[in-house]
Amino acid sequence: MKVDLIKNDKLVIIPFWILIFFIFWLQVLPQVKSIWESILFSVLLVLTICPIANYLSGSLLLKAMKQKGVKLFMFQFSFFSLLIGFAFLAYINLFFWLENSGVFPSGSEYFDVTDLAPYAFFIPLSSGIIINITICGLRFFSGIY
1 MKVDLIKNDK LVIIPFWILI FFIFWLQVLP QVKSIWESIL FSVLLVLTIC
51 PIANYLSGSL LLKAMKQKGV KLFMFQFSFF SLLIGFAFLA YINLFFWLEN
101 SGVFPSGSEY FDVTDLAPYA FFIPLSSGII INITICGLRF FSGIY
């Protein structure tokens, strides 16, 4: 079986990232008071996540498949998923601070971290896992077929 992850993956990967942008934007938009805040948050998030996930799903996945290094790849997958989750949390806290500083209108529901239950912090962390599973799956199957 010849593995070539570069063959046609741009036809799948670029629309995936556009879709991820719109998913984040539509998720944030109804819960904030500024359309620019929701756009900026979504753009920053996608621009941060995209290189991390593409490195994982491109270079590291290909290397793991060639060397049959599943254990190392699972560690790398977990590390990069946590990194994406922490970036998500960092941006939520950044936009909470920007709202409190007066850069954006305050009082949005999405960035209000004052009354969150402790389990709410697992939601952004799980987003990193889901995004990496999806992008690695897309790269894996676009490389095989």
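Residue numbers for the sequence shown follow UniProt numbering, so the first one is 1 and each next one is one higher. Where is the CB? At the ideal position from N, CA and C, for every residue including glycine.
Would you call glutamate 109 buried or exposed, if buried means 16 or more other Cβ atoms sit within 10 Å of its Cβ?
Position 109 of the sequence shown, counting from 1, holds the residue named residue 109. Exposed.
Just the Cα atoms here: how many angstroms apart are asparagine 72 and asparagine 132?
Here residue 72 corresponds to residue number 72 of the sequence shown, with the count starting at 1. Here residue 132 corresponds to residue number 132 of the sequence shown, with the count starting at 1. Going by the sequence as given, residue 72 is leucine instead of asparagine. Whole-angstrom Cα-Cα distance: 15 Å.
For phenylalanine 16, which option in Phe41, Asn54, Ile39 has the closest C-alpha, if you only look at C-alpha atoms?
For the purposes of this step, residue 16 is identified with residue 16 of the sequence shown, where counting begins at 1. The residue with the shortest Cα to Cα distance from phenylalanine 16 is Asn54.
Does the stretch 118-127 come close enough to the stretch 71-87 to have 3 or more Cβ pairs within less than 8 Å?
The answer is yes - the stretch 71-87 touches the stretch 118-127, with three or more Cβ pairs under 8 Å.
What distance in whole Å lies between the Cβ atoms of lysine 33 and proline 105, which are believed to be in contact at a cut-off of 8 Å?
As a working note, residue 105 is residue 105 in the sequence shown. As a working note, residue 33 is residue 33 in the sequence shown. Correct: roughly 4 Å between the Cβ atoms.
Going by CA-CA distance only, name the one from Thr134, Ser38, Phe140, Ile92 that's closest to alanine 120.
For this step, residue 120 is matched to residue 120 along the sequence shown. Considering only alpha carbons, the answer is Ile92.
Buried or exposed: phenylalanine 75, going by 16 or more other Cβ atoms within 10 Å of its Cβ?
The count along the sequence shown starts at 1 and reaches residue 75 at position 75. Exposed is the call here.
With DSSP run on the structure shown, which of helix, strand or coil describes serine 81?
Position 81 of the sequence shown holds residue 81. Residue state, collapsed to three classes: helix.
Pull up the distance between the alpha-carbon of serine 101 and that of lysine 66, whole angstroms please.
In the sequence shown, the residue the question calls residue 101 occupies position 101. In the sequence shown, the residue the question calls residue 66 occupies position 66. For serine 101 and lysine 66, the distance between alpha carbons rounds to 50 Å.
Let me know if valine 28 comes out buried or exposed under the rule of 16 or more other beta-carbons within 10 Å of its beta-carbon.
Sequence index remark: in the sequence shown, residue 28 carries index 28 (1-based). It counts as buried.
Beta-carbon within less than 8 Å of valine 113's beta-carbon, same chain only, minus the 5 sequence neighbours each way: which residues are those?
Counting from one through the sequence shown, the residue named residue 113 turns up at place 113. For valine 113, where only same-chain residues beyond five positions count, the Cβ hits under 8 Å are Ile92, Asn93, Phe96.
Just list the alpha helix (DSSP H) runs in the stretch 14-46, keeping only unbroken ones of 4 residues or longer that don't cross its boundaries, in chain order.
The stretch 14-46 contains no whole alpha helix (DSSP H) run of 4 or more residues.
Pick helix, strand or coil for glycine 107, following the three-state DSSP scheme.
Here the question's residue 107 lines up with position 107 in the sequence shown. In this structure, glycine 107 counts as coil in the three-state DSSP scheme.
Starting from lysine 63, trace the alpha helix (DSSP H) both ways and give me its first and last residue.
Within the sequence shown, residue 63 is the residue found at index 63, counting from 1. Here the alpha helix (DSSP H) through lysine 63 covers 61-67.
According to DSSP, simplified to helix, strand and coil, what is leucine 116?
Taking the first residue of the sequence shown as 1, we reach residue 116 at position 116. If DSSP states are grouped into helix, strand and coil, leucine 116 belongs with coil.
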